[in-house]
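Colleague: Residue numbers (the working numbering), protein chains in the order written: chain A, 646 to 837; chain B, 101 to 214; chain C, 57 to 626. For glycine and all other residues, C-beta sits at the position ideal for the given N, C-alpha and C. Dumping the structure here so I can ask a few things about it.
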Amino acid sequence: MAFTAPLATARSATDIPTGRLATWWVVVSEIVIFGGLVVCYIMFRLHHTDWAEHASHTSTTAGAFNTFVLLTSSLFIVLAHQAASARDLKKAFRYIWFTIGGGCIFLVVKSIEWTNEISHGYTLFTNNFWSFYYVTTGLHGLHVIAGMVIMAIISIGVKKGEHLPRVEYIGIYWHFVDIVWLFLFPLFYIAK
Amino acid sequence: MSQEHAHPNYIKIWAILTFLLFVSIVGPMAGIQAVTLITAFGIAVVKAAMVGAYFMHLNIEKRYVWYMLFTALIFLGLFFFGTSPDVLKAEGTNWVNPSPEQAHAETDGGGSHH
Amino acid sequence: MTMAESTAATESSHEVHHHKEPDFWSKYVFSTDHKMIGMQYMFTGIVMALIGGYMAYVFRMQLAYPGEHVPGFGTVTPLAYNSLITNHGAIMIFWVAMPILIAALGNFLIPLMIGCDDMVFPRINRLSYQIFLISVIVLISSFFVPGGGFGGAWTAYPPLSAQSQYNLTPFGAPLWLLAVALEFVAFLLGGINFITTTMNARAKGMKMYDIPIMVWMIVIASLLFMASVGPLIAGAVMLLFDQTLGTTFYNPENGGDPVLWQHLFWFFGHPEVYVVLLPAMGAVAEVICVFSRKKLFAYKTILYTTFATGILSFFVWAHHQFIAGIDPRMAHVFTVTTVIISIPIAEMLFCYIATLFGGSIELRTPMLFALAFLAEFLIGGVTGIYLGSSGMDIYFHDTYFVLAHFHYTFFPIAIIGFFTSIYYWFPKMFGRMMNETWGKIHFWGTIIPFNCIFLPLFVLGMAGQHRRIYNFKNFPDLATPDLHNLRIFATWSAVVMLVFQIPFMINFMVSIFRGKKAGKNPWKANTLEWTAPSPPPHGNFKELPVVYRPPYEYSVPGREKDYWPQNEPN
C-alpha cells in the first residue's frame, strides 16, 4: 500500500522529533496504567499484613536474575542506538538482536518461575496477592513481548539503513519496561 | 533526523546499576525492615533515575519531558492518598472489615496456606 | 534549528500531489486522511446516538406506562430495563460524546486549524478508528448474547458487575467491559496523535497563544483523558478477571475491596466529564466570537482557567461516593474541592458572556446552539453545587435530582455542543450550507422539549424518587398521580425531542447534496480552516499557511473588513 508520510510528521515546533515526542506520551500513558495497578497492589499490601508470608514464596534468585537480564538488555539497546546514530548498521542490527535475546531469556526464566509456583499450588486464584502477582508480571511480560516484536520489525529497517531514529524510540520504550521491572522486583520479590 | 549528542560511557553506567542490584539483594539479609525498605525501594528509585537519565537520555532531553512524566506520577500519588484511607480502613463506627486471613486466623487458630 | 529550517525549505517547495482518484475502499473505509477519519467517527457517533436515544425512548415509556407494550420494542422486562439504562449511559458517554466531541472534531479540525496537511501519524489515526469500530461491534453484539446486554449500571460497581448471579448477564458483562477497554485504547492512540500534532506540527509562525481555543481544549481534554484512564484500564483488567476467571480483587469475602473499583472508576470518571466538556466549550468559544464579531474576551485567562479546571478535576472524584461508606474526613476534603472547581468554570462562562457583551450578535443556528449551551450548562453547574455538598448529597444521592443534574451537563455538552459544531463546521466539512429555517425549527424543537424532560425530573428527585426503579407502581409513596403525571410529561417531551431530530437528519442529508455552495469562508472567520477550500482536498491547503496573528482579531479598529484571518500578512 503506497503511503507517503504527510509533511506534518516532519515538522518539529518543539525541537523534539515527532516520533520521540509521541514515544514519551506513550510512556506517560503506560506510567498511569502500570502505576494504577501497582498503587492498588501497594494499598492491598499495606492492608493485608499477612501478605509478606505469601511473598516469601516468590523466588528472589529468579527475580534478581531477570532484573540483571533486563538491565543488560537495556544496555544493548542503548548501544544499538549509539551505533545507529553513528550509522554503523551492522553493529546496530546485532545489538538489537542481543536485546531481543535478553527479552527471550527474561521470558524463559519467567515461565520456569511461573511453572514452579503453579506446581506448588500458588495459582491466580490462591489469594489476592497471587492474583496481583500474576496480573502485574503478566502485563509486564506482554509489554516485553510487544517490545521484542517491534524491535524485530525495526531491525529489518536498520539493515536497510531506513528509519534509524526508531532505534532510539524503541529504546525509550524498552528502558521504560525495564524501569517498571525495577519496581516490580522489590514489590513482589524482596519485600517479604 | 536523529539529533546528535554525546554518548556517555554506557558500560560504566551498566556496571553501577549491576552493583546497585547486588546491594538491593544483599540488603534484606541484614534482616532489619528499615534497611530493607531503603535498599529495596530507595535503590529502585536510584536505578530508575539512572536508567531514565542516561539510557533514556532524559538528562539531555527538553526539560518539559520530565514534567510530563512527573505529572503522571503525581496523579498516581494523588490517587493513592485519596483512595488509601478507604482501602486501608479496617473498621468504622458500625462495621468491621478485617482482612480475611485475620478473620480466618481467628476462627481456626491460623490455618496454614497450602 | 537546522532541522526546522530544512523542514521549512521542503514545505515551501512543496506542491500539491496529484494522486489518481483512489477507489472506494481506500477513500472511505481505509483512508488515512484525517478528515475522512473524523467523518467516520462522526457518523459512527450519530448512529450510536440514535441507538442510545431509542433506548431512552423505550425505558421512558416503561416508566410512564409501566408494564405496558412499548411501540417499537414490546414489553420491557426488568432484565431488559437494566440492560437498557446501563447501555444508554455507556453509549451516550463513551460512544457518542467521546467520538463526536473529541475524535470527530479533533480529527477534522486540529490539522486544519493549526495549518498542516494531516495528523502526524495518519496510520495510527486509522488504527484508532478501527479499534473504536471493533469496540462498537463488540458492544452491539453484546445485546444479542444469552442474558442480553450488561445490566449492572454504566458505573459497573462490583459486586453487581463482577458476579453474574447478581447482574444476570454472564456474557453481556465481560463483553461490555471489553468494548469499553477497546474504546479506551482507541482514544489513547487518538489522543497521543492529537497532542503530538498540536505540539509539533503547527504552521510556521503559530505561537502558543495563536492556537485557537478549540484546539487547546481538545488537547487539554486528551491530556486529561490520558492521565486519568490508566488506573481504570488496570482496574478494568482486574474486573474482567473477576468476572470471567473468578479472581477476587473486588470481593470482600476474600479480602478484595469493592470500593476500590468506585475510586478507580471515578478517578477516571470525573475528569472524563471535563474531557467531553472542554471540546464543547472550545466549539462554543469559536462560534461566539464569529457571530458576535468580537475578539474572545481574555483568551489567556480562559486558557489558564482551563488548565486549572483540568488539574482540579483530579481532586474531586470521591464526591460521587459520599454514601459509599468512604472515610468522612475525605468527604469533607472532596466537598471543598468540588465547590472550588465551580470557580474556574464560572470564570470561563463569564469570559464567554463578556465576549458577547457589546458585540454585533447574529443569531444564526450555530450561535443559537452556542447560547443555549451557556444557559443550559449553567443550570447543570449550579445544581451540581447542591450535590457537591456531602450533607445534601446524602438525601439527593441516586435520585432523579442527580439524574437531571448530569443530564443538564451532558446534554449541553454532547448534544448541544455537537449541534453547535456541526452547524458551524458543516460548510467546511461538505462544502455546502445547511438550511437556516430548518435549523431554527430543529433548535427550538430540541431545546424546549429538553427542558420539559429534565425540569420535572428535578422535582421528582426532590420528592425522593430513586434512580434505578423499574416500576414505580410498586412504591405507593412514589406512585401518586401528581408525581406520575410529571413522569408522563417528561416521557412525551422526550418523544417530541426525538421526533424533532428528523428535520435535522433531513436537513443534514439534503444539504450534503443540495445545499447552497458555501465557498471558502462563509462565516467570515479568522481561523486557518476557513482558508482551505470547502471541502478541503487531500493535503488540505493549496499552499501551507503561515500565521501572523492570534485567532480572534475581529472588528479591529481602522480596518476595512471586520475580520482579519490569521494567515493574512496585514
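In chain order, which alpha helix (DSSP H) runs of at least 4 residues are fully inside the region 461 to 513 of chain C?
Modeller: Counting only runs of 4 or more, we get 473 to 486.
Colleague: The alpha helix (DSSP H) spanning residue 304/C covers which residue range?
Modeller: Numbered from its first residue, the third sequence carries residue 304/C at position 248. It is not in any alpha helix (DSSP H) - residue 304/C carries neither H nor E in the DSSP assignment.
Colleague: By the three-class DSSP mapping on this structure, what secondary structure does residue 59/C have?
Modeller: For the purposes of this step, residue 59/C is taken as the residue at position 3 of the third sequence. Because the pLDDT of residue 59/C is 42, which lies under 50, any placement of that residue in the model is unreliable, and the number read from its coordinates should be weighed accordingly. It is helical.
Colleague: By the three-class DSSP mapping on this structure, what secondary structure does residue 575/C have?
Modeller: One-based indexing of the third sequence puts residue 575/C at position 519. In this structure, residue 575/C counts as coil in the three-state DSSP scheme.
Colleague: How would you write the range of the alpha helix (DSSP H) that residue 186/B sits in, first residue to last?
Modeller: For this step, residue 186/B is matched to residue 86 along the second sequence. Note, residue 186/B: alpha helix (DSSP H), 163 to 187.
Colleague: At a Cβ cut of 9 Å, what residues of the region 160 to 175 of chain B count as close to chain A, listed as they run along the chain?
Modeller: Within the region 160 to 175 of chain B, the qualifying residues are 161, 162, 164, 165, 168, 169, 171, 172, 173 and 175.
Colleague: Using a 10 Å radius around the Cβ and a threshold of 16 neighbouring Cβ atoms, would you call residue 532/C buried or exposed?
Modeller: The count along the third sequence starts at 1 and reaches residue 532/C at position 476. Its Cβ having fewer than 16 others within 10 Å, residue 532/C is exposed.
Colleague: With a cut-off of 8 Å, does the C-beta of residue 649/A fall near any C-beta of chain B?
Modeller: Along the first sequence, read from residue 1 onward, the residue named residue 649/A stands at position 4. Answer no: the Cβ-Cβ gap between residue 649/A and chain B never drops below 8 Å.
Colleague: Residue 79/C CB to nearest chain B CB: under 8 Å?
Modeller: Along the third sequence, one-based indexing puts residue 79/C at 23. With 8 Å as the cut-off, residue 79/C does not count as an interface residue toward chain B.
Colleague: Within the 8 Å Cβ cut-off, does residue 453/C reach chain B?
Modeller: The count along the third sequence starts at 1 and reaches residue 453/C at position 397. Cβ-Cβ to chain B under 8 Å: no for residue 453/C.
Colleague: Under a Cβ-count criterion, where at least 16 other Cβ atoms within 10 Å of its own Cβ denotes burial, should residue 823/A be classed as buried or exposed?
Modeller: Translated into the one-based positions of the first sequence, residue 823/A becomes position 178. Residue 823/A comes out buried.
Colleague: Along chain C, which residues have their Cβ under 7 Å away from the Cβ of residue 839/A?
Modeller: Lying before the first or after the last residue shown, residue 839/A is absent from chain A, which here runs from 646 to 837.
Colleague: Suppose contacts are defined by Cβ-Cβ distances below 8 Å. Is residue 608/C in contact with residue 618/C by that definition?
Modeller: Your numbering for residue 608/C matches position 552 in the third sequence. Your numbering for residue 618/C matches position 562 in the third sequence. Not a contact, by the Cβ cut-off of 8 Å.
Colleague: Mapping the DSSP letters down to three states, classify residue 121/C as helix, strand or coil.
Modeller: As a first step, residue 121/C is located in the third sequence; it is residue number 65 there, counting from the start. Three-state DSSP puts residue 121/C in coil, outside helix and strand.
Colleague: Just grab the DSSP bridge partners of residue 602/C for me.
Modeller: Position 546 of the third sequence, counted from the first residue, corresponds to residue 602/C. According to DSSP, which records beta bridges pairwise, residue 602/C is partnered with 260/C.
Colleague: Closer than 6 Å by C-beta to residue 210/C: which residues in its own chain qualify, once you throw out the five before and the five after it? Chain order, please.
Modeller: Here the question's residue 210/C lines up with position 154 in the third sequence. So the list reads 142, 145 and 146, once near-sequence residues are dropped.
Colleague: Can you pull the chain A residues whose beta carbon is under 9 Å from the beta carbon of residue 178/B, in chain order?
Modeller: By 1-based counting over the second sequence, the position of residue 178/B is 78. Near residue 178/B there are no residues of chain A at all, since even the closest Cβ is about 10 Å away, more than 9 Å.
Colleague: From the DSSP output, read off the bridge partner residues of residue 522/C.
Modeller: The residue you call residue 522/C lines up with position 466 of the third sequence. Beta-bridge pairing links residue 522/C to 455/C.
Colleague: In chain order, what residues of the same chain lie with their CB nearer than 6 Å to the CB of residue 351/C, ignoring the 5 residues before and after it?
Modeller: Here residue 351/C corresponds to residue number 295 of the third sequence, with the count starting at 1. Once the five neighbours on either side are set aside, the close Cβ partners of residue 351/C are 608 and 610.
Colleague: With a threshold of 7 Å on Cβ separation, who are the neighbours of residue 519/C within its own chain once the five nearest residues in sequence on each side are excluded?
Modeller: Your numbering for residue 519/C matches position 463 in the third sequence. Result list for residue 519/C: 539, in chain order.
Colleague: Could you compute how far the alpha carbon of residue 167/C sits from the alpha carbon of residue 270/C?
Modeller: Stepping through the third sequence from its first residue, residue 167/C is reached at position 111. Stepping through the third sequence from its first residue, residue 270/C is reached at position 214. In a straight line, the C-alpha of residue 167/C is about 12 Å away from that of residue 270/C.
Colleague: Output needed for residue 315/C: all residues of its chain with C-beta closer than 8 Å, excluding positions within five of it in sequence on either side, in chain order.
Modeller: The sequence position of residue 315/C within the third sequence is 259, counting from 1. These residues qualify, in order along the chain: 377, 380, 381 and 382.
Colleague: What do you get for residue 115/B, buried or exposed, if any count of 16 or more other CB atoms within 10 angstroms of its CB means buried?
Modeller: As a position in the second sequence, residue 115/B is number 15, starting the count at 1. So residue 115/B ends up on the exposed side.
Colleague: Name the residue from 89/C, 122/C and 111/C whose alpha carbon lies nearest to the alpha carbon of residue 172/C.
Modeller: Reading the third sequence from its first residue, position 116 is the one you call residue 172/C. It is 89/C.
Colleague: DSSP state of residue 201/C, grouped into three classes?
Modeller: In the third sequence, residue 201/C corresponds to position 145, counting from 1. If DSSP states are grouped into helix, strand and coil, residue 201/C belongs with coil.
Colleague: Does the CB of residue 700/A have a neighbour CB from chain B at under 8 Å?
Modeller: The sequence position of residue 700/A within the first sequence is 55, counting from 1. It does not; no Cβ of chain B falls within 8 Å.
Colleague: Measuring only between beta-carbons, confirm whether residue 164/C sits less than 8 Å from chain A.
Modeller: In the third sequence, counting from the first residue as 1, residue 164/C sits at position 108. Residue contact check for residue 164/C against chain A: no CB pair falls below 8 Å.
Colleague: Would DSSP call residue 624/C helix, strand or coil?
Modeller: Within the third sequence, residue 624/C is the residue found at index 568, counting from 1. Three-state DSSP puts residue 624/C in coil, outside helix and strand.
Colleague: Of the residues 424/C, 561/C, 586/C and 542/C, which one's Cα is nearest the Cα of residue 632/C?
Modeller: In the structure displayed, chain C extends from 57 to 626; residue 632/C sits before or after that span and is not available.
Colleague: So if DSSP puts residue 130/C in a beta bridge, which residue, or which two residues, is it bridged to?
Modeller: As a first step, residue 130/C must be located in the third sequence, where it is residue number 74. 126/C.
Colleague: Under 8 Å between beta-carbons, which chain A residues line up against residue 152/B? List them in chain order, please.
Modeller: Reading the second sequence from its first residue, position 52 is the one you call residue 152/B. Chain A residues near residue 152/B: 820 and 824.
Colleague: Would you mind telling me which residues of chain B sit closer than 7 Å to residue 684/A, beta carbon to beta carbon, in chain order?
Modeller: Locating residue 684/A in the first sequence gives position 39, where the first residue counts as 1. Simply 176, 179 and 180.
Colleague: Within 10 Å of its beta-carbon, does residue 322/C have 16 or more other beta-carbons around it, so buried, or fewer, so exposed?
Modeller: Reading the third sequence from its first residue, position 266 is the one you call residue 322/C. Residue 322/C is buried by the Cβ-count criterion.
Colleague: Would you call residue 418/C buried or exposed, if buried means 16 or more other Cβ atoms sit within 10 Å of its Cβ?
Modeller: On the third sequence, residue 418/C is found 362 positions in, with the first residue counted as 1. Counting Cβ neighbours within 10 Å, residue 418/C comes out exposed, since fewer than 16 surround it.
Colleague: Kindly say whether residue 382/C, judged by its beta-carbon, lies nearer than 8 Å to any beta-carbon of chain A.
Modeller: Position 326 of the third sequence, counted from the first residue, corresponds to residue 382/C. No, no contact with chain A.
Colleague: Can you list, in chain order, the residues of its chain whose CB lies under 8 Å from that of residue 458/C, leaving out five sequence neighbours each side?
Modeller: Working through the third sequence from its first residue, we reach residue 458/C at position 402. Only 443, 452, 517 and 523 meet the Cβ criterion.
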